[in-house]
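Following: one structure in structure tokens, then a few remarks.
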Amino acid sequence: MYALKREKKEEEDGGSGNPFHNLEKTTVLQEARTFNETPLNPRKCAHILTKMIYLLNQGEQLGTVEATEAFFAMTKLFQSNDPIIRRLVYLCIKELATIAEDVIIVTSSLTKDMTGKEEQYRPAAIRALCRITDGGMLQAIERYMKQAIVDKNSSVSSAALVSSLHLMKESPDVVKRWVNEAQEAANSDNVMVQYHAVGLLYQIRKNDKLAISKLLAKYSTKYAVLKSSYAVCLLIRIAAKLIEDDDAGPESPHFDFIETCLRHKSEMVIYEAAHAIVNMKSTTPRELAPAVSVLQLFCASSKPTLRFAAVKTLNKVAMTHPAAVTACNIDLENLITDSNRNIATLAITTLLKTGSESSVDRLMKQITSFMSEISDEFKVVVVQSIRSLCQKFPRKHNVMMNFLSSILRDEGGFEYKKAIVDTIIHVIEDSPDGKEAGLAHLCEFIEDCEHTSLGVKVLYLLGKEGPKTSQPCKYIRYIYNRLILENAPVRAAAVSSLAKFGAHCEDLLPNVTVLLQRSLLDTDDEVRDRATYYLNILNEKQKAVYSQYILNGLQVSIVGLEKALHQYTLEPSEAPFDIKSVPLATQPLAEEKKVELFTSMYVPIIGKTKEKVAASRQDIFAEQLAAVPELAALNLGPLFKSSLPIELTESETEFVVRCIKHTFSNHIVLQFDCTNTLSDQILENVYVQVEPSDGFEVVAYAPCAKLQYSVPGTTYACVSLPTDPLVVIGTFGNTLKYLVKDCDPNSGEPDDDEGYEDEYVLEDLDILLNDHIQKVLKTNFGAAWEEVTAKNELEDTYAFNLKTLEDAVKNITHFLGMQPCERSDKVPENKSSHVLFLSGVYRGGHAVLVRAKLALRADTEGVTMNIAVRSTDPNVSEIVASAIG
Numbered sequence: 103m104y105a106l107k108r109e110k111k112e113e114e115d116g117g118s119g120n121p122f123h124n125l126e127k128t129t130v131l132q133e134a135r136t137f138n139e140t141p142l143n144p145r146k147c148a149h150i151l152t153k154m155i156y157l158l159n160q161g162e163q164l165g166t167v168e169a170t171e172a173f174f175a176m177t178k179l180f181q182s183n184d185p186i187i188r189r190l191v192y193l194c195i196k197e198l199a200t201i202a203e204d205v206i207i208v209t210s211s212l213t214k215d216m217t218g219k220e221e222q223y224r225p226a227a228i229r230a231l232c233r234i235t236d237g238g239m240l241q242a243i244e245r246y247m248k249q250a251i252v253d254k255n256s257s258v259s260s261a262a263l264v265s266s267l268h269l270m271k272e273s274p275d276v277v278k279r280w281v282n283e284a285q286e287a288a289n290s291d292n293v294m295v296q297y298h299a300v301g302l303l304y305q306i307r308k309n310d311k312l313a314i315s316k317l318l319a320k321y322s323t324k325y326a327v328l329k330s331s332y333a334v335c336l337l338i339r340i341a342a343k344l345i346e347d348d349d350a351g352p353e354s355p356h357f358d359f360i361e362t363c364l365r366h367k368s369e370m371v372i373y374e375a376a377h378a379i380v381n382m383k384s385t386t387p388r389e390l391a392p393a394v395s396v397l398q399l400f401c402a403s404s405k406p407t408l409r410f411a412a413v414k415t416l417n418k419v420a421m422t423h424p425a426a427v428t429a430c431n432i433d434l435e436n437l438i439t440d441s442n443r444n445i446a447t448l449a450i451t452t453l454l455k456t457g458s459e460s461s462v463d464r465l466m467k468q469i470t471s472f473m474s475e476i477s478d479e480f481k482v483v484v485v486q487s488i489r490s491l492c493q494k495f496p497r498k499h500n501v502m503m504n505f506l507s508s509i510l511r512d513e514g515g516f517e518y519k520k521a522i523v524d525t526i527i528h529v530i531e532d533s534p535d536g537k538e539a540g541l542a543h544l545c546e547f548i549e550d551c552e553h554t555s556l557g558v559k560v561l562y563l564l565g566k567e568g569p570k571t572s573q574p575c576k577y578i579r580y581i582y583n584r585l586i587l588e589n590a591p592v593r594a595a596a597v598s599s600l601a602k603f604g605a606h607c608e609d610l611l612p613n614v615t616v617l618l619q620r621s622l623l624d625t626d627d628e629v630r631d632r633a634t635y636y637l638n639i640l641n642e643k644q645k646a647v648y649s650q651y652i653l654n655g656l657q658v659s660i661v662g663l664e665k666a667l668h669q670y671t672l673e674p675s676e677a678p679f680d681i682k683s684v685p686l687a688t689q690p691l692a693e694e695k696k697v698e699l700f701t702s703m704y705v706p707i708i709g710k711t712k713e714k715v716a717a718s719r720q721d722i723f724a725e726q727l728a729a730v731p732e733l734a735a736l737n738l739g740p741l742f743k744s745s746l747p748i749e750l751t752e753s754e755t756e757f758v759v760r761c762i763k764h765t766f767s768n769h770i771v772l773q774f775d776c777t778n779t780l781s782d783q784i785l786e787n788v789y790v791q792v793e794p795s796d797g798f799e800v801v802a803y804a805p806c807a808k809l810q811y812s813v814p815g816t817t818y819a820c821v822s823l824p825t826d827p828l829v830v831i832g833t834f835g836n837t838l839k840y841l842v843k844d845c846d847p848n849s850g851e852p853d854d855d856e857g858y859e860d861e862y863v864l865e866d867l868d869i870l871l872n873d874h875i876q877k878v879l880k881t882n883f884g885a886a887w888e889e890v891t892a893k894n895e896l897e898d899t900y901a902f903n904l905k906t907l908e909d910a911v912k913n914i915t916h917f918l919g920m921q922p923c924e925r926s927d928k929v930p931e932n933k934s935s936h937v938l939f940l941s942g943v944y945r946g947g948h949a950v951l952v953r954a955k956l957a958l959r960a961d962t963e964g965v966t967m968n969i970a971v972r973s974t975d976p977n978v979s980e981i982v983a984s985a986i987g
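Positions in the sequence shown are counted from 1; adding 102 to them yields the working numbering.
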């Protein structure tokens with residue numbers, strides 16, 4: 103074997119030890135011409151192939167022509183019988199399969215090796231052949247693949263099974279015909295063959311819940327032939343996924359199988375079962391108890407891997423069920439002195455979540471002793487645990503704040519420092535008593551902060567919280583130091599922070615103005631522009647202007663603002679640009695990443711995909727609605743708000759319909775997402791007939807042309823809002839109407855062209871007050887309250903039959919659909935009164951603010967609320983104030 107060994111002398115000289123460190127693509131491709139020489143030099147060719155594989159695995163990009171030339175040169179190496187050469191050729195074929203052209207030319211050579219007598223060639227040949235095979239060619243090698251799956255050689259069988267898994271993505275219909283061979287392979291004595299066979303069987307049947315249940319029933323009995331611990335672990339994952347999909351919980355028969363695996367002879371299976379149980383959403387402490395007991399035993403294991411797995415899982419359980427982990431506290435305390443500091447870290451962080459308030463001081467001292475001995479990754483875990491501890495024991499914030507400030511001064515990477523800063527900010531926002539101490543620690547931190555983003559974050563917080571402290575002037579020096587000593591982004595943030603002090607504190611305004619004037623000559627244009635902007639606003643000396651342009655910024659969608667400005671430049675107009683025409687900022691649409699169950703366990707993911715920037719949910723809907731001709735003709739204007747989906751049918755019915763309400767200035771568009779669950783019917787001209795309340799009127803329908811089996815379709819109905827501005831709430835009746843045609847369930851072809859009309863009654867749909875209000879956060883509610891003025895203020899008092907202030911806050915916030923400000927949705931413990939601040943924008947661009955004073959009634963169980971509503975429109979104040987009553 104041609105091993106590349108580093109000389110001892112090179113090691114002593116401190117050499118890198120990587121002979122391929124400075125490789126160049128062009129040089130390697132030129133060397134590949136050596137493959138055409140006769141006779142071949144096996145040692146030299148192997149070295150060149152190794153270089154090529156190294157370059158490709160380092161992310162080097164080859165052009166199609168370059169890859170094709172290298173590939174054809176490499177095919178000459180099939181003349182050599184050298185085993186090292188042959189195996190390197192297989193690897194290169196797999197790497198170049200997706201880049202080079204005409205790679206199928208080596209099919210015959212690979213098929214020959216796959217069916218040959220050289221056992222060491224066969225597995226690699228199968229993997230390479232399946233990599234270059236497309237759907238059209240797969241049938242030609244189907245016979246060989248079936249034979250390979252049941253081959254007596256376990257390496258050949260495993261290679262065929264794993265390759266079949268990859269082929270499932272391209273040609274599932276062909277691979278499904280290999281189910282009998284996969285079942286035979288599942289009876290193999292080899293543990294990896296069994297594991298791969300069960301994985302393939304799952305992939306073949308994964309879209310059929312009944313078939314998956316039968317697969318589990320077959321292999322999960324005590325008489326099952328499975329000897330592979332890996333295969334049993336896969337069955338546990340499949341069972342857990344079925345339980346989650348069915349939302350069945352511990353009542354599911356599959357849960358019994360997982361629980362029996364806690365008594366398996368393999369430690370791997372035992373841990374997998376415990377991990378599955380603790381990660382189920384609906385498990386109670388009673389169901390968790392057996393899994394926690396098993397993990398407790400692992401904590402005392404002699405194997406570091408088991409101790410690490412157990413304590414890491416217990417750490418996760420402690421986040422949701424700390425009481426269930428309390429029984430393990432003695433075992434966890436024994437792990438504090440573990441030689442593996444990662445295990446010790448997790449043990450302490452778990453104890454922080456499960457321990458009592460009296461044990462906090464002792465645990466913090468133990469943490470301090472070994473913080474310097476662990477990696478940044480586990481330091482972050484410690485900091486996150488302290489963050490949850492601050493929420494649990496708010497009276498201990500001084501101890502934890504001192505600890506956080508001390509480690510903030512130590513060495514560490516960006517993620518570690520960011521975690522500490524975020525935790526201190528969290529304590530500042532949650533604990534009024536710890537605000538000034540936290541701000542002082544952060545001020546010291548930015549004096550030597552080397553991370554621009556963290557400096558900007560702290561300066562933003564100082565501008566937000568500093569003016570509200572007892573001595574705001576003491577923070578000015580720290581902010582001004584940043585204007586002198588830091589880079590442009592930090593200087594720009596410092597300018598914005600100073601402006602907030604000037605806007606909020608009248609006595610500091612002259613000093614702030616002087617400091618900002620010095621930034622008018624800054625070398626960076628962003629800093630100069632900000633200073634000029636804020637100075638002009640501060641010189642106005644009007645609180646309403648301060649609130650609108652400094653203390654509470656614009657809450658618009660950046661994407662929407664860009665589009666609106668672009669459209670304004672394309673259509674010249676004498677009218678000024680109206681900021682109210684821009685959609686408000688909304689939360690990004692989160693996309694769940696689905697990972698294949700079996701693939702995530704074994705098959706590595708090749709390459710990295712670029713992370714897509716999450717689009718605004720509202721922007722996505724706006725584009726979809728603009729593309730509907732029936733709606734585009736109505737000139738509805740900018741989209742104001744989109745609701746969450748509302749189910750109008752049960753999930754088990756023949757037609758599943760859900761509705762999303764899109765609110766515009768004078769209309770509401772109802773988007774009905776429909777799914778046909780009947781395989782023997784096709785629906786055409788599908789729409790939902792809406793029967794609106796008085797004052798509302800349907801002005802347009804946009805039907806769905808065809809609704810096939812399991813293929814979602816969308817239909818729209820546009821409803822105009824009442825002319826009376828005080829009428830905003832209503833209930834709509836809905837009926838799904840369609841032309842139904844019977845069809846062949848297998849082909850999907852309709853039996854006849856005529857069909858017949860039919861309808862299906864849906865649930866009623868309510869138009870609520872929160873459909874007309876968009877959430878907008880006001881960082882300084884007091885300034886916003888003064889900005890709107892008391893001109894249109896309405897006040898009233900109500901009584902609710904609610905037991906706690908928390909319930910009252912939650913109900914009022916949800917009913918009005920407004921944004922809680924200044925963390926007023928968090929009710930302090932043991933309080934009999936509370937003030938809730940809510941902010942929003944009513945459709946049409948009218949600002950609306952609510953100040954609700956809540957108090958528990960002493961005589962009876964209930965809550966009394968005094969509500970004051972301010973808005974820029976008197977009708978909006980009346981609508982919001984009267985809606986609660």
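For every residue, glycine included, the Cβ atom is placed at its ideal position computed from N, Cα and C.
Keep in mind that this is a model prediction, so the values were computed, not measured.
(request) Could you spell out where the alpha helix (DSSP H) holding Asn159 opens and where it closes? (result) Pro144 to Asn159
(message) Taking the alpha-carbon of Lys519 as reference, which of Ser507, Ile530 and Thr452 has the nearest alpha-carbon?
(response) Ser507
(request) Using alpha carbons as the reference points, say which of Tyr246, Ser273, Asp215 and Gln249 lies closest to Gly238. (result) Ser273
(request) Please classify Tyr858: is it buried, with 16 or more other beta-carbons within 10 angstroms of its beta-carbon, or exposed? (result) exposed
(message) Please classify His356 as buried or exposed, where buried requires at least 16 other C-beta atoms within 10 Å of its C-beta.
(response) buried
(request) Please state whether DSSP places Gln783 in a helix, a strand or coil. (result) strand
(message) Less than 6 Å between C-beta atoms, sequence neighbours within five positions excluded: which residues of the same chain meet that for Glu756?
(response) Thr779 and Leu780
(message) Do Val560 and Val501 have their beta-carbon atoms positioned less than 8 Å apart in this structure?
(response) no
(message) Taking its Cβ as the centre, do 16 or more other Cβ atoms sit within 10 Å of Met154, making it buried, or is it exposed?
(response) buried
(message) Measuring straight from C-alpha to C-alpha, what distance separates His936 and Ala429?
(response) 37 Å
(request) Report all residues from its chain with a CB closer than 7 Å to the CB of Val878; omit the five preceding and five following residues, and keep chain order. (result) Gln657, Leu686, Gln921, Ser941, Gly942 and Val943
(message) Quick check on Cys575: buried or exposed, where buried means 16 or more other Cβ atoms within 10 Å of its Cβ?
(response) exposed
(message) Can you find the residues in the same chain that come closer than 8 Å, C-beta to C-beta, to Lys696, ignoring five residues on each side of it along the sequence?
(response) Bear in mind that a pLDDT of 45 at Lys696, under 50, signals an unreliable position, so the number given afterwards is only what the model happens to contain. Closer than 8 Å at the Cβ level, and outside the excluded window around Lys696, lies no residue.
(message) Quick check: what's the CA-CA separation for Asp721 versus Ser659?
(response) 8 Å
(request) Would you give the residue range spanned by the alpha helix (DSSP H) that Ala342 belongs to? (result) Ser331 to Asp348
(message) Are the CB atoms of Tyr580 and Cys992 within a distance shorter than 8 Å?
(response) Since the first residue shown for the chain is 103 and the last is 987, residue 992 is missing from the structure and cannot be characterised.
(request) Return the chain-ordered list of same chain residues with a C-beta closer than 8 Å to the C-beta of Ile748, the five sequence neighbours on each side being excluded. (result) Arg760, Cys761, Ile762, Lys763 and Leu867
(message) Only counting the same chain, and skipping five residues up and downstream in sequence, which positions put a Cβ closer than 8 Å to that of Ile150?
(response) Val130, Glu133, Ala134, Thr136 and Phe137
(message) Let me confirm a value: Ile432 is counted as buried when at least 16 other C-beta atoms fall within 10 Å, else exposed. Which label applies?
(response) exposed
(request) Would you mind stating whether Leu623 and Ala601 have Cβ atoms separated by less than 8 Å? (result) no
(request) Would you grab the beta carbon distance between Val821 and Leu772 for me? Rounded to a whole angstrom, and I think it's under 8 Å. (result) 7 Å
(request) Taking all protein chains shown into account, decide if Ile770 is buried (16 or more other Cβ within 10 angstroms of its Cβ) or exposed. (result) buried
(request) Spatial neighbours of Tyr648 within its chain, please: CB distance less than 6 Å, with the 5 preceding and 5 following residues excluded, ordered by chain position. (result) Ala605
(message) Please tell me whether Pro976 and Asn882 are closer than 8 Å, where the distance is taken between their beta carbons.
(response) no
(request) List the whole-angstrom C-beta distance separating Arg972 from Leu951, where the pair is believed to meet the contact cut-off of C-beta under 8 Å. (result) 5 Å
(request) Using three-state DSSP, classify Met967 as helix, strand or coil. (result) strand
(request) Taking Arg224 and Lys196 to be in contact with their CB atoms under 8 Å, please state how far apart those CB atoms are, rounded to whole angstroms. (result) Incorrect: roughly 15 Å between the Cβ atoms, too far for contact.
(message) For Asp535 and Ile488, what's the separation of their Cα atoms in angstroms?
(response) 18 Å
(message) In this structure, how does DSSP classify Pro355 when only helix, strand and coil are distinguished?
(response) helix
(message) Quick check: what's the CA-CA separation for Asp680 versus Ile522?
(response) 42 Å
(request) Could you pull the start and end residues of the alpha helix (DSSP H) that Glu286 belongs to? (result) Val281 to Ala287
(request) Look up Arg953 in the DSSP assignment and say whether it is helix, strand or coil. (result) strand
(request) Give the DSSP-derived three-state secondary structure of Lys254 in the structure shown. (result) coil
(message) Could you tell me which whole alpha helix (DSSP H) segments of length 4 or greater appear in the region 194 to 258?
(response) 209 to 216, 224 to 234, 237 to 240 and 244 to 251
(message) Tell me the DSSP secondary structure of Cys776 in three-state form.
(response) strand
(message) Rounding to the nearest angstrom, what Cα-Cα distance links Arg307 and Ile314 in this structure?
(response) 6 Å
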